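**Q**
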Amino acid sequence: TNMENHFLYVGLQEFFDVSLLQMGKMLHLGKMSYHSLNINKKKPGTLKLDNGTLEILRKYNQYDLQLYEYAIQRFSANRESIDKASLLFHRLDCKSKEITFLFSRVWRRLQKEWTLHKESQ
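Using my numbering, read the sequence shown as starting at 25 and increasing by one per residue.
1. Our contact map puts M47 next to G35 with C-beta atoms below 8 Å; I'd like the distance itself, whole angstroms only.
2. DSSP on D74, reduced to helix/strand/coil?
3. Give the secondary structure of V42 by DSSP, where H, G and I count as helix, E and B as strand, and everything else as coil.
4. Which word fits V130, buried or exposed, when buried means at least 16 other C-beta atoms lie within 10 angstroms of its C-beta?
5. For the alpha helix (DSSP H) containing M27, list its first residue and its last residue.
6. Between the Cα of Q37 and those of R82, N85, Y92, S128, spot the shortest distance and give me the residue it belongs to.
7. So, for M50: in the same chain, excluding its five sequence neighbours on each side, which residues have a beta-carbon less than 7 Å away from its beta-carbon?
8. Is the separation between the beta-carbon of L89 and that of R82 shorter than 9 Å?
9. Have a look at I160 and F99 and give me their C-alpha separation to the nearest angstrom.
10. Per DSSP, what kind of secondary structure is S144 in: helix, strand or coil?
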């Protein structure tokens, strides 16, 4: 009920790109983009739990699991409104902005190093 009555939009982290596009479309924000920072290139291993521990976790988190399932159903219904081409262009646009951002950081660093080098001569 809270999700329906008090939240304009609910996205999912595992579908961040699609969530961003859906929210932008819903709010008529036009193109939305972002660039990722501090990404862990070495993913941590998956924790293996025995069945007994999993059952205890499911029991104590049953309402969270129900809410998450509902959010997935709601998200999936909205997801069909975003076509694959829009998602692809969005990802390419974000990558382009990320590359530009990284290049500008490198360029500023090179300028700083060059200035320090010239001053030390």
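Yeah, the Cβ is synthetic: ideal placement off N, Cα and C, and Gly gets one too.
In this text, all values refer to a predicted model and were calculated from it rather than measured experimentally.
**A** Judging by the given coordinates:
1. The pair is a contact, with the Cβ atoms about 6 Å apart (cut-off 8 Å).
2. coil
3. helix
4. exposed
5. Note, M27: alpha helix (DSSP H), 26–30.
6. Y92
7. Y33
8. Pairing L89 with R82 gives a Cβ-Cβ distance under 9 Å.
9. It is not possible to answer for residue 160, since the shown part of the chain is limited to 25 through 145.
10. helix
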